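Accompanying notes for the structure given below.
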Amino acid sequence: MERSLIKILLLEDVLVDVELACDVLVRAGLALEVRHVSDEPGYRAALAEFEPDIILADYTLPQFDGFSALLIRREMAPETPFVFLTGSLGEERAVETLRTGATDYVLKQSLPRLPAVVLRALAEHDALRDQVRTQRELEHERQLLRAVLGTTGALIVVLDQAGRITRLNPAAESAIGLSQDKAAGRDCWSLFAAAEEMDGLRSQFARLGEAGDDPVPWRTTLGGRRRVLWSAGRLPRLGSASEYAVLAGIDVTEQEVAEQQAHFLRHYDHVTGLPNRELLRHRLAQATAEDAAVVADERHALVLIGVERLPEVRDSLGVATGNQLLREVSRRLLGWQQAGDWLSRVGDASFALVLEGADERELPSQLQRLLDQLRQPYRLDEREFFLPAYLGVALHEPGMDPDFSLQAAEAALHRAVLDQSSGAQFYQPILSDEAHQRLLLEAELHEALQDEGQLELHYQPQASLANGRIVAIEALVRWRHPRLGLIPPLQFIPMAEACGLIIALGERVLLAACRQAAAWQRAGLPHITVAVNLAAAQWAQPDLIDSVRRALDLSGLDPQWLELELTESTSMHAPAATIAVMEQLRAMGVHLSIDDFGTGYCNLSYLKRFPVDKLKIDRSFVSDITTDPDDLAISRTVVAIAHQLGLEVVAEGVETEGQLALLADAGCDLIQGFFFSRPLVPEACASLLADRTTLASWRRNKVPNTLLLLDDEPNVLAALKRVLRNGDYRILATTSPTEAFELLATHEVGVIVADQRMAELSGTEFLNRVKDMYPATIRMILSGYTDLQTVTEAINRGAIYKFLTKPWDDGELTATVAEAFVRYAAERERHG
C-alpha cells in the first residue's frame, strides 16, 4: 500500500545525525512525520503513543543500546520494521541483529542507501500483512464450505448395500442430468465418478461398515471436469448395521483451485513463477534434515544473485517492461542451472541459486561462467539492456539455520556490490574487507591532515551572466592519496564527518583558500572572492568566529574577499543562533551565501532576516531544467524570491547551453559548472584569471518564425524538411526529444510538429511538458500511430493544437504550419 506520510521513530542521541537522516529521506521524495528519542523511557513511550510505521535506531547510545531497543520492539510492536542506522556495526554483530529480528541495517557513511532500505522494509511489511489477510480469508472460506456440506444444497445420494442408487435430491439430479426415477437402481459410481476411479471406489464402499459410525470422505471427478467431495456413512439402525448408506457431496472445484492459488501466492513469485524466499527457506531446512540423516559432510552452495538497474528500468520504462526484463533474467538463470539445483526469487532484483553438493574447487569457475552469462546484453523490443550482476556465496552445511545462510549470502553480496572488482564474494565470518579498508582509510585521513602534500584545493570559477567576467571562485578540497590516487570528496567528506575530523579538515581548507586568494592578489591577478563551504559541524562550533578571524589574519586576506557558504538545512537547524553568528561574520566584512537552496526547509520569514548576499540554486534543479517543467518553475521562483530580497543568485552544475540560456532568461546572476570551467588546480585557475577569460554573452536565439520538427525516423524528418523548406520560417530538426528540449531552450521556437510514437518519449508526453515550459508555442502531433484517448486528453488539456496523420498531404501540411504561425503570433502577444 502507498503511504502519503511515513511515521518514523528515530532512536539517536546525535542531533546532526538525526538531521542528516531526515534530509536524505526528504531528498528522496518521502513525506515524513518523525518522532526523535534518545533514551529508553522516551522510546517506550513513543512505541505506545506514536505507533510508528518504521523504527530507525543507532546501535550505541550513552545509556541505552540499539540491541535492547530491538528486544523491546519485539515485545511492544513486533510487526514494526526495525532498521539499524549506525556508524559501525561489524559483520558478526550485523548478522546477529538480523537473526534477532532487525529488518536491515544502514551504515551512516552509506546514508544514500537509507531511502531504498526504508521503502523496501515498508513494502515487505505491507506484503506480509496482505499475505496474512489472504490466509485468513481463505480459512474463513473453508469454514463456510464445511458448513455448506450439511445443507440441502449438497448432493445427497442414498445407496443400498450393493452401491445402487435408491434416492437422489434435486442437487444430485441436476449434477448428473437424470431424474431420480431414471437414476434409481443404477450403480452410483458409474454416474458420479470417472471410469478410472470406479473400481477403487467400489472397494472402499464395500469396507464402509468397517470404518464405524464416522463419515468417510471420498473425492470423485464428475463430468470429467468437476471435483466433488463426498461424506459417506452407513445409516444407523438399532441392533445391527443399516443396509443403506448416504453420500453427501459438494462441488469443491473452486475451493481446490483457490487452495492451489493460495499455495502459489504463499510460496511462489507471481512475476517469474519461481519459488519465493519462504519456499527456499523450507527447502533449505528440509535439505539440512535429509543431509544430516544421510550424508553428513555434503554441503550446498547458496548463491545470492543481485541484478542492478532492474528498478531503474521499471521506473523509467514502466512496470510491464520491468517485469518482462525480470522474466528474461529468470529464464536465463533457469537455462543455466543444472539438475538438482534450486532457483528462487528472494527480493525485488535478487535471486537465490542453491547448488547441491557443491565442489569448492570448481565453484569459482562455475560462478564466473554464471556471471558471464548474466552480463550478456538483454534484448527487448529492439532495445539492448546491460544489467550488472553480482554474486554473494555462503556454504550451507547440515544442521545450519537457513536464515543464517541467507543472511551470510546477503552480507557477501553486499561486499560484492561495493567491491565490483571480481563480481562474486564468499562469506567469511571475520571482519569484512570493506570494514577493514574503511578503518585503514580513516587512519590515513588522520595522517593526511598532518601532511601538507595530500590534501589539495581545486577552484571552480563563478561567472557573471551580465558581463561574462569571473567574479568569484569556490574552493573544493581533494585528497591525493599516495596509494589510491585522487579520492573525490563524496567519498571522504562523509567519512570525516562520521569520525570527527570534519572540523579539522574544514579549518585546513579555510586557511588554504584564504592563503591562495591572498597570494593571487599579491601576484597582481584580479581581486575576486573566494568561497568556502563550511560543514554543519563547523557552524555549530563555539569558536567559529575565532577560527575565521585566525585564517584571515594568518593569510593576510581582506575579509571582503572571503565568502562562507552554509547549506539551507544547516541554516534552519537553529535559525536564531545561525543569525547571530552570521551577523558577527558580516560585521567582520565576510560575505555569506546559502548553498543547495530549494532542497531543505528554509522558512522565508527567516530567510529575509539572514544577512546573506547570495543564494545558490542546487544542481539537482539545474540538471533537468531544460526537460522538467517543475525544475524550471522552481529555478525561476528562486531567482524571483532572491531578487525581491536583494540577493544575487548562483546556479550550480550548469553543463549545457540550454541550461545557461534558460537561467539567463530567468534573470540568474552567476553560473558555476562544467559549461564554463571544471574545478582547476591553482596553477590552471591562475592562468584563467591572468588571461581575463570571460563567459560569452548568451541569450536564447530570438529568430522569429522558427519551426521545430521532432521525429525519431531520419527519413521522415528529411521528407518533412523538403516539404516545408520553402516556408517563411526557420526549420530546426532532431530525432531526439532530449535534443529537442535543448533546442527549445536555446531558440525561441514558435511551432512544433512532433511524432507520437518515439522510443525515448511519446509525442504527447513531450508536448505536455512543452506546454508548461513554453505556453505560447503552437504544438502539433504528426503520426501514423493513433491512440485516440491519449491524443484527446492532450488536446483537451491544451497541449496539442492539431493532430495530423501520416502519410500527410503536402499542401495540407504546409497550410497548417502557416496557419499555426499566425496563431503563434497572437499567443506570443497574449503571453507577453
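Residues 303 to 1134, numbered by our numbering, are exactly what the sequence shown covers, in order.
For glycine and all other residues, C-beta sits at the position ideal for the given N, C-alpha and C.
Model, not experiment: these values are computed from the prediction.
Residue interval of the beta strand (DSSP E) (run including residue 962): Not the beta strand (DSSP E): residue 962 falls in the alpha helix (DSSP H), residues 959 to 968.
Chain-order list of residues whose beta-carbon lies under 6 Å from that of residue 416 (same chain, five-residue window excluded): 326 and 408
Rounded separation between residue 916 and residue 1124 - CA only: 43 Å
Closest residue to residue 754 among 742, 729, 784 and 775 (Cα-Cα distance): 784
Inter-stretch contact at 8 Å, needing at least 3 Cβ pairs: the stretch 772 to 779 / the stretch 827 to 834: yes
Option nearest residue 1055 by Cα separation, candidates 1048, 1061 and 1039: 1039
Cα-Cα separation, residue 950 to residue 1002: 21 Å
Beta-carbon proximity of residue 1016 to residue 1037, cut-off 7 Å: yes
Reduced DSSP secondary structure (H/G/I, E/B, other) of residue 486: coil
Bridge partners - residue 777, DSSP secondary structure assignment: 761 and 834
Counted within 10 angstroms of its Cβ, other Cβ atoms place residue 1132 as buried (16 or more) or exposed: exposed
DSSP three-state assignment for residue 946, whether helix, strand or coil: helix
For residue 727, the residue or residues it bridges with in DSSP: 694
Residue span of the alpha helix (DSSP H) that contains residue 1075, given as start and end: 1065 to 1075
Cut-off 8 Å between Cβ atoms - residues of its own chain near residue 426, not counting five sequence neighbours on either side: 383 and 405
For residue 803, the nearest candidate out of 501, 814, 1072 and 743 (CA to CA): 743
When 955, 711, 698 and 971 are compared against residue 944, the one with the closest alpha-carbon: 971
Buried/exposed call for residue 891, threshold 16 Cβ in 10 Å: exposed
Residue 960 versus 927, 990 and 941, residue with shortest Cα-Cα distance: 927
Residue 974 (DSSP reduced to helix, strand or coil): strand
Burial state of residue 621, where buried means 16 or more other Cβ atoms lie within 10 Å: exposed
Bridge-paired residues (DSSP) for residue 1005: DSSP lists no partner for residue 1005.
Runs of beta strand (DSSP E) lying entirely within the stretch 801 to 885, each at least 3 residues, in chain order: 831 to 835 and 864 to 869
Where residue 399 falls, given that 16 or more other Cβ within 10 Å makes a residue buried: buried
Validate contact between the stretch 378 to 396 and the stretch 355 to 363 using beta carbons, cut 8 Å, 3 pairs: yes
Within 7 Å, strictly: CB atoms of residue 991 and residue 759: no
Residue 893: first and last residue of the uninterrupted beta strand (DSSP E) it sits in: 893 to 899
Boundaries of the alpha helix (DSSP H) in which residue 910 is found, first to last residue: From DSSP, residue 910 is part of no alpha helix (DSSP H); its letter is neither H nor E.
Residues that DSSP places opposite residue 602 in a beta bridge: 698
Limits of the unbroken alpha helix (DSSP H) element including residue 507: 500 to 508
Residue 461 versus residue 557 - alpha carbon distance: 27 Å
Strand pairing of residue 680, partner residues [DSSP]: 687
Where residue 593 sits in the DSSP three-state scheme: Note that residue 593 scores 47 on pLDDT, short of 50, meaning its location in the model is unreliable; the coordinates nonetheless yield the value given after this. Helix.
Closer than 7 Å to chain B by CB, residue 628: The chain labelled as chain B is not found in the depicted structure, where only one protein chain is given.
Closest residue to residue 434 among 381, 402 and 820 (Cα-Cα distance): 381
Short Cβ contact (7 Å threshold) for residue 626 with residue 689: no
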